[in-house]
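So the protein sequences, as listed, match chains A and B.
Counting along the first sequence from 1, when you hit position 39 you're at 41 in the numbering used here, and nothing is skipped either side.
Counting along the second sequence from 1, when you hit position 24 you're at 26 in the numbering used here, and nothing is skipped either side.
Number of protein chains: 2
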Amino acid sequence: MNELQSKPGTADAVAADLERAIHEHRLPPGTKLGEDELGEVYGISRTTVRAALQSLGHRHLVQHKRNRGAFVAQPTVREAREVFEARSLLEPRTAHSACKRMTDDNIRALQAHIDAEHAALDAGESGRALYLSGRFHIEIARMADQSTIETMISELVSRSSLIIALYWQRRAALCESQAHHALISAFADRDAELAEELMKNHLLDLVTSLDLRNSSSIPGTLKEALAK
Amino acid sequence: MNELQSKPGTADAVAADLERAIHEHRLPPGTKLGEDELGEVYGISRTTVRAALQSLGHRHLVQHKRNRGAFVAQPTVREAREVFEARSLLEPRTAHSACKRMTDDNIRALQAHIDAEHAALDAGESGRALYLSGRFHIEIARMADQSTIETMISELVSRSSLIIALYWQRRAALCESQAHHALISAFADRDAELAEELMKNHLLDLVTSLDLRNSSSIPGTLKEALAK
DNA sequence: GTCGCCAAAGTTGTATACAATAAAGTTGCA
DNA sequence: TGCAACTTTATTGTATACAACTTTGGCGAC
C-alpha cells in the first residue's frame, strides 16, 4: 500500500519535499526560497524549481512577489480565520462519513499514527510531531473515500501549520493528542454523530488556542510593512 | 471596483482565458491543448503556456499525460460525485453567511447577474449563460467575505461545468434560474436559514439532473478506455 | 494476410542563455 | 551631514535549444 511518490528530481518530488519541510517548521514563514539556491540543493535546473514553487504557490504555501522571488507564506490573521472556517465546514462532516466506512484496519492505522506522533514528541522532534498531527486529519479524509475533499483538507492542514507557526501561543501545549484519542474512540464505537461533534470541537479548540488579535507584529514582516 | 486582471501575455491571463473557454464549453472535455499551438495563438513562448497549463492542471481543469500533453479534463463519475459532495458541504453554509452580510447593492448585483444570464440565453449563447450561472455561486461566496472558501468554490464550479458537459441529460432543461431566483428572494428577506436550505436543495437538484450511472460511454474517452 | 519489429516524426520534459526589473550601495550636491 | 539620484548587482521573467519519450507509419517475416 505504498503511496505513489514521484521519482526524485521531478517538480512533484521537490514540491513534496518543500511542503513537508514547511509543514515541519524547518522552513519558517517568510523564508526566501531562491531558485538558484534550491536548484543547487536538489541538483536540478531553475526550470524544475520554478514548477515546484508555482505548485506550492497555488496551494498558498509560498507567496510570490514579482521580481522578488518566492517566500514561505505568512498567512494574515484574516487568512487564518478563513482557513479554520473552511476546515470547520469540511472536516466534521467528513469525519462522519469516514466513521461510517471505517474498518478495523483503518482504526489501527490511526492509532499507529498517534503512537508515531508521541514517539516523535518524546524524541524532541516537535516539527515531525506537528506534521504527523496534520496527517491524522488527512488520513481521516482519505478513509472517507473522498479524494477531492481530501485534497482540499490537505491544503488547509498545511496552511494551518503555517498559521500555528505564526500565531500559536505557548500556554495550550499539546492537548492535541487528547482530541485525537477521543476521535479514535468514537470511530471504534462506530458513533458517527459523536465523531462529527468531536471534530467540530477539536477545530474550535485549535482556533481558540491561537492568538488572532489584529495586527500582532509578525516576526520578519515588520520591515516589509515599513518598506511598503 | 474593477477586478484586477493580469496584463495580457502573462501566464495568469492565458490561464484565465482558457478557464473561461472551458467553462463556456468552447473547449470540450478531452480537447488537446498543444503547447506550441497555444503559444502561437497567444503570441508567447511555450514557457508561459506551460505555466498556464500547470496552473489549470492544479485546479483539475486540465489533465496532464506524461510525454503526451495536456487535455481538457474529463471528470469520472466518481469525481463528479465528489465535486458535488464537496459543494454540498461548502455552499449551503456559505449562503447562510452571505445572507447575514448581504447589502442591498449585493442583492441588486445578483439580480443583474441573473438578468445577464437570461439575456445570454435569449441570444443563443448557452455557453456564456452557463458561465454566468456558475459565477452566481462564486459571487455569493464573495459576498460571504470568505476568500479562501471562494477560491475553493470557484474551482468546484469550473469542474462542475466539465461535469455538466459530460453527464448532463437533456430533459431537465433550465430550471436553473428558478432556484437562483428563489435564493435572491431569501436574501432579500434576510432569511439565512431559508437561503441555506435552498442552496442545499439546489445542489441536490443539480446532481439528480445528471446521468451518473457507472461507465456511461463518455464521448472521446471510448478509444482511451479500450486502449487501456 | 497478419503480426511484430524498426525507424522516423512530432511532442513534451529539461536545461541554459538572455532580458527586464527591483533592491542596495555609492557618489555627488546642497 | 543628509538627501537624492545614479550605478551596480543580484534575482526573477521569458525565450530558445537540446534531449527523451511516445506514437505512428512502413517494412519484413511467418
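Virtual Cβ for every residue (Gly too), placed ideally from N, Cα, C.
All values reported here derive from a predicted model rather than from experimental measurement.
Simplified DSSP assignment, three categories, for residue i
i: A/Q76; result: coil
i: B/Q56; result: helix
i: B/H62; result: coil
i: B/G45; result: coil
i: B/E157; result: helix
i: A/G136; result: helix
i: A/K9; result: coil
i: B/G71; result: strand
i: A/L29; result: coil
i: A/L91; result: helix
i: A/L214; result: coil
i: B/S219; result: Legend: pLDDT at B/S219 = 48, less than 50; position of this residue unreliable, value from coordinates given subsequently. Three-state result, B/S219: coil.
Interface flag, residue i vs chain B, CB-CB below 8 Å
i: A/E84; result: yes
i: A/E39; result: no
Interface partners of residue i on chain B, CB under 8 Å
i: A/R95; result: L91
i: A/E88; result: Before going further, note that residue 88 of chain A is Ala rather than Glu in the sequence given. Within chain B, the residues near A/A88 are L92, Q148, T150, I151 and M154.
Residue from the options with nearest C-alpha to residue i
i: B/L168; options: B/H25, B/E178 and B/D19; result: B/H25
i: A/E81; options: B/C101, B/A118 and B/T150; result: B/T150
i: A/L212; options: A/G136, A/D106 and A/L164; result: A/L164
i: A/K34; options: A/N69, A/T105 and A/L92; result: A/N69
i: A/A54; options: A/R83, A/T96, A/P10 and A/L134; result: A/P10
i: B/Q180; options: B/D207, B/N108 and B/I155; result: B/D207
i: A/A194; options: A/H120, A/C101 and A/L185; result: A/C101
i: B/I116; options: B/A97, B/E42, B/G136 and B/R61; result: B/G136
i: B/R110; options: B/Y133, B/A125 and B/F138; result: B/F138
i: B/E178; options: B/R52, B/P77 and B/S128; result: B/S128
i: A/L214; options: A/A15, A/Q171 and A/S90; result: A/Q171
i: A/V16; options: A/P30, A/P31 and A/V43; result: A/V43
Neighbour list for residue i in chain A, Cβ cutoff strictly below 9 Å
i: B/Q56; result: A13, A53, Q56, S57 and H60
Inter-residue CB distance, residue i and residue j (contact presumed, cutoff 8 Å)
i: A/L200; j: A/A188; result: 6 Å
i: B/L158; j: B/A75; result: Actually they do not touch by this definition, with Cβ atoms about 13 Å apart.
i: A/A122; j: A/A114; result: Wrong, their Cβ atoms sit about 13 Å apart, outside the cutoff.
i: B/S162; j: B/V85; result: 6 Å
i: B/L37; j: B/R28; result: In the sequence as displayed, the identity of residue 37 of chain B is Glu instead of Leu. Between B/R28 and B/E37 the Cβ distance is about 19 Å, and since that is not below 8 Å, they are no contact.
i: B/E198; j: B/R95; result: 6 Å
i: A/E93; j: A/I155; result: 6 Å
Beta carbon proximity, residue i to chain A, threshold 8 Å
i: B/E42; result: no
i: B/E81; result: yes
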